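In the working numbering, the protein residues as written are 1272 to 1981. Ideal Cβ placement from N, Cα and C applies to all residues, glycine included. Please read these numbers as outputs of a predicted model, since none were measured by experiment.
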């Protein structure tokens, strides 16, 4: 009897111990995505170092990888940690973007919040938060308000991505000042970012080490996985780059430095941007992912009625092809406030004249465009590029041949908005001093969108386009513009990280090699537009400026071998495959008048969508995308290819019942991006959701399709 009681007593004690242990934090934690396909593991080793790993469908994606942040004059948040607590939770919501690729976005994840203490460092505290979605992971560092940590300087971030092999990689060199490179496709072990020195057309370059690349970084594995690494919600922190270890195929974060070589100046409480890993066994799912967007905070504005997607034309391409200039005169050595601009001799080819702007307003009104961008309207263009000048533009004084009052009245009569242009010349301190005055002028004349530019070396001198100071500047511009109900299209800015959820007035950005490089350089190879959606556009929409009809530049400059490296039909398809709520019909309006039937597609294609379906895709090869107009039941399909010709058989099962009028804008049988780029066909037939359509794409070509319910 006593023996039996003793056994029962021991069982009770064992149960109590088990319950007690289960209630305590462990050095290892595991969570799964809502669909159970993704798994995240976190652990501490005996030295108090932090590690995580990630798997998808039981296949390793990220092997055990270190986490940590180094501080200046301190050993930092690298080791010596003990686990204080580990809390898991789940989250589900459906939210509606102000504008976007669909009406409703699902935000569903499992979260692990790990609270850590450095006992040997006066009990300093740091949290790491993991959010695991069905298609990827977000992780970030948090520094709570605490007695023993207030102000601190980050010397480096050491987040590792320990990959499983020598993956195929789509990359551009790590440059603190520019993303305007064509992509190189190679194995990780073959990366040599010194190739950036070959891009002589990029005016300002600031390279890191030769094994440093930019994000978003796209990778594919021999096992058929697609992996995208980037960041989300970049605020008050420098942009992230990746240093490649070619021997063990690991990536380690490094941050853009400031003028003193420091990376970030922080004060608790603080949370870093999210580091993101998007994973799938289908390339289409990478493009369909909304994880980066979901990792950003909800819209910060109560009223968003003033933020409008739009299609526009502009006085812009003429400068790139050499028929116009931004500058009014051809003087040099000009000081902004010491010049009587009316006495300068005009060069005769200034683009932003009152008469030319009226011509563009008339064209926009006739063809249903929302706005007209005018570059070169304001004084200062004569003498700035490369001079590293502080006082270049004042953003309020028009040239003598640009009558801002008359054009304001004329555009209102025509029902067309003018789009402002603020080229800061990278003299950012100058722009910040003058922003209020510039935005007041815009409101006075009814401008509600501005294209900002940052061409050149940054002032404050020693800062970079991607450093913490500039990241904060871009945020200040968004917030200041919102006070005046103005939307921003930034060029030469930091790459996007999904912040258009929080600041939907950041309606577009460039931050990559755009279409204009085709006008005056070696251009963009045919594969370029098949890579950008997997890289730059993962963080947000791009103002790529498609729609060039006059493909070869010898039309303007006899003997020139420069050209756009696509067919005309592919330029149409880009309006669907390259998402942006701000889309430009970028060519000269006289070229659209030469091809009115092809121009009809640009007139019809929307810029705001209720549904998006990625029908077929492979990075660097091809993309086929279908989108439904937010304001009608019309569908639009865009298909593009690299230098290879391709055919696609597309089921139309996504359509509703009934007949659809289907119009194809496609390459002709003998079209070719180099040999015959402007040859196209337009065909129409009736289809239903039970049908399939065949698309035939020429080398470097594309196809655009319009489907309208009958």
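Test item: CB-CB of residue 1566 and residue 1409 under 7 angstroms: Numbered from its first residue, the chain shown carries residue 1566 at position 295. Numbered from its first residue, the chain shown carries residue 1409 at position 138. Contact flag set, yes.
Proximity below 7 angstroms, CB of residue 1739 to CB of residue 1508: One-based indexing of the chain shown puts residue 1739 at position 468. One-based indexing of the chain shown puts residue 1508 at position 237. Their beta carbons are under 7 angstroms apart, which means residue 1739 touches residue 1508 by this criterion.
Under 8 angstroms by Cβ, that's how I've got residue 1498 and residue 1513 pegged, so tell me the actual separation to the nearest angstrom. Working through the chain shown from its first residue, we reach residue 1498 at position 227. Working through the chain shown from its first residue, we reach residue 1513 at position 242. That belief does not hold up - the Cβ atoms of residue 1498 and residue 1513 are roughly 12 angstroms apart, past 8 angstroms.
What is the residue span of the alpha helix (DSSP H) that residue 1441 lies within? Mapped onto the chain shown, residue 1441 falls at position 170. From DSSP, residue 1441 is part of no alpha helix (DSSP H) but of the beta strand (DSSP E) over 1439-1442.
If you check the beta carbons only, do residue 1790 and residue 1591 fall under 7 angstroms apart? As a working note, residue 1790 is residue 519 in the chain shown. As a working note, residue 1591 is residue 320 in the chain shown. Yes, these two residues count as a Cβ contact at 7 angstroms.
Out of 1927, 1947, 1557, 1587, state which residue places its alpha-carbon closest to the alpha-carbon of residue 1802. Numbered from 1 along the chain shown, position 531 holds the residue referred to as residue 1802. Checking every option, the nearest Cα to that of residue 1802 belongs to 1557.
Of all the beta strand (DSSP E) runs that stay within the bounds of the region 1424-1472, which reach a length of 3 or more residues? 1431-1434, 1439-1442, 1455-1458
Can you tell which of 1925, 1659, 1769, 1843 has the C-alpha that lies nearest to the C-alpha of residue 1547? Position 276 of the chain shown holds residue 1547. Comparing Cα-Cα distances from residue 1547 to each of 1925, 1659, 1769, 1843, the minimum goes to 1769.
Should residue 1822 be labelled buried (16 or more other beta-carbon atoms within 10 Å of its own) or exposed? As a first step, residue 1822 is located in the chain shown; it is residue number 551 there, counting from the start. It counts as buried.
Between which two residues does the beta strand (DSSP E) holding residue 1692 run? Walking along the chain shown from the start, residue 1692 turns up at place 421. From DSSP, the beta strand (DSSP E) with residue 1692 extends over 1688-1694.
So does the region 1848-1863 actually touch the region 1799-1817, counting three or more Cβ pairs closer than 8 angstroms? yes
Measure how close the beta-carbons of residue 1622 and residue 1589 come, nearest whole angstrom, since I'm counting them as under 8 angstroms. The residue labelled residue 1622 in the question sits at position 351 within the chain shown. The residue labelled residue 1589 in the question sits at position 318 within the chain shown. Indeed, because the Cβ distance is near 5 angstroms, the residues count as touching under 8 angstroms.
On the DSSP bridge list, what partners appear for residue 1358? In the chain shown, counting from the first residue as 1, residue 1358 sits at position 87. Note: residue 1358 sits in a beta bridge opposite 1384.
From 1351, 1905, 1617, 1406, residue whose alpha carbon lies closest to that of residue 1391: The residue given as residue 1391 occupies position 120 in the chain shown. The candidate whose alpha carbon is nearest that of residue 1391 is 1351.
Touch check for the region 1370-1385 and the region 1515-1532: three-plus C-beta pairs under 8 angstroms? no
Just the C-alpha distance for residue 1433 and residue 1400, rounded to the nearest angstrom, thanks. Position 162 of the chain shown, counting from 1, holds the residue named residue 1433. Position 129 of the chain shown, counting from 1, holds the residue named residue 1400. Between residue 1433 and residue 1400, the C-alpha separation is close to 19 angstroms.
Does residue 1484 pass the burial test, meaning 16 or more other C-beta atoms within 10 Å, or should it be called exposed? Against the chain shown, residue 1484 aligns to sequence position 213. Buried: at least 16 other Cβ atoms inside 10 Å.
Taking one C-beta from the region 1594-1610 and one from the region 1412-1419 each time, how about it: are there three or more such pairs within less than 8 angstroms? no
Is there contact between the region 1861-1881 and the region 1902-1911, where contact requires at least three CB pairs shorter than 8 angstroms? yes
Figure out for me which residue from 1763, 1424, 1375 has the closest Cα to the Cα of residue 1344. For the purposes of this step, residue 1344 is taken as residue 73 along the chain shown, with counting starting at 1. Comparing Cα positions, the closest option is 1424.
Which whole-angstrom value is the C-beta distance of residue 1722 and residue 1760, which I expect to be below 8 angstroms? Here the question's residue 1722 lines up with position 451 in the chain shown. Here the question's residue 1760 lines up with position 489 in the chain shown. Indeed they touch by this definition, with Cβ atoms about 5 angstroms apart.
Is residue 1661 helix, strand or coil when you go by DSSP? The residue given as residue 1661 occupies position 390 in the chain shown. It is coil, neither helix nor strand.
Can you have a look at residue 1412 and say buried or exposed, based on whether 16 or more other CB atoms are within 10 angstroms of its CB? Translated into positions along the chain shown, residue 1412 becomes position 141. Its Cβ being crowded by 16 or more others within 10 Å, residue 1412 is buried.
Can you check which of these residues, 1689, 1398, 1331, is closest to residue 1353 by C-alpha distance? Within the chain shown, the letter at position 82 stands for residue 1353. Of the candidates 1689, 1398, 1331, the one whose C-alpha sits nearest the C-alpha of residue 1353 is 1398.
Residues that residue 1710 bridges to, as DSSP identifies them: Residue numbering aside, residue 1710 sits at position 439 when the chain shown is read from its first letter. Bridge partners of residue 1710: none, in fact.
Residue interval of the beta strand (DSSP E) (run including residue 1585): Locating residue 1585 in the chain shown gives position 314, counting from the first residue. Here the beta strand (DSSP E) through residue 1585 covers 1581-1586.
Find the nearest neighbour of residue 1609 within the set 1356, 1630, 1663, 1632, judged by alpha-carbon distance. One-based indexing of the chain shown puts residue 1609 at position 338. Answer by Cα proximity: 1663.
So which of 1926, 1678, 1911 has the shortest CA-CA distance to residue 1919? Here residue 1919 refers to the residue found at position 648 of the chain shown. Out of 1926, 1678, 1911, 1911 has the C-alpha closest to the C-alpha of residue 1919.
Only counting the same chain, and skipping five residues up and downstream in sequence, which positions put a Cβ closer than 7 angstroms to that of residue 1470? The residue you call residue 1470 lines up with position 199 of the chain shown. So the list reads 1452, once near-sequence residues are dropped.
For residue 1979, name the three-state secondary structure that DSSP assigns. Locating residue 1979 in the chain shown gives position 708, counting from the first residue. Reduced to three states, the DSSP call for residue 1979 is strand.
Helix, strand or coil for residue 1671 per DSSP? Within the chain shown, the letter at position 400 stands for residue 1671. Residue 1671: coil per DSSP, three-state reduction.
Quick one: what's got a C-beta closer than 7 angstroms to residue 1809's C-beta in the same chain, skipping five residues either side? Against the chain shown, residue 1809 aligns to sequence position 538. Hits under 7 angstroms: 1487, 1499, 1501, 1563.
Can you tell me which of the three DSSP states residue 1653 falls into? Taking the first residue of the chain shown as position 1, residue 1653 is located at position 382. Coil at residue 1653, not helix or strand.
C-beta atoms of residue 1369 and residue 1575 nearer than 7 angstroms: By 1-based counting over the chain shown, the position of residue 1369 is 98. By 1-based counting over the chain shown, the position of residue 1575 is 304. Contact flag set, yes.
Along the chain, where does the beta strand (DSSP E) containing residue 1900 start, and where does it finish? If you number the chain shown from 1, residue 1900 lands on position 629. Residues 1893-1900.
Spatial distance of residue 1972 from residue 1929 (CA atoms): Mapped onto the chain shown, residue 1972 falls at position 701. Mapped onto the chain shown, residue 1929 falls at position 658. Cα to Cα, the separation comes out at about 31 angstroms.
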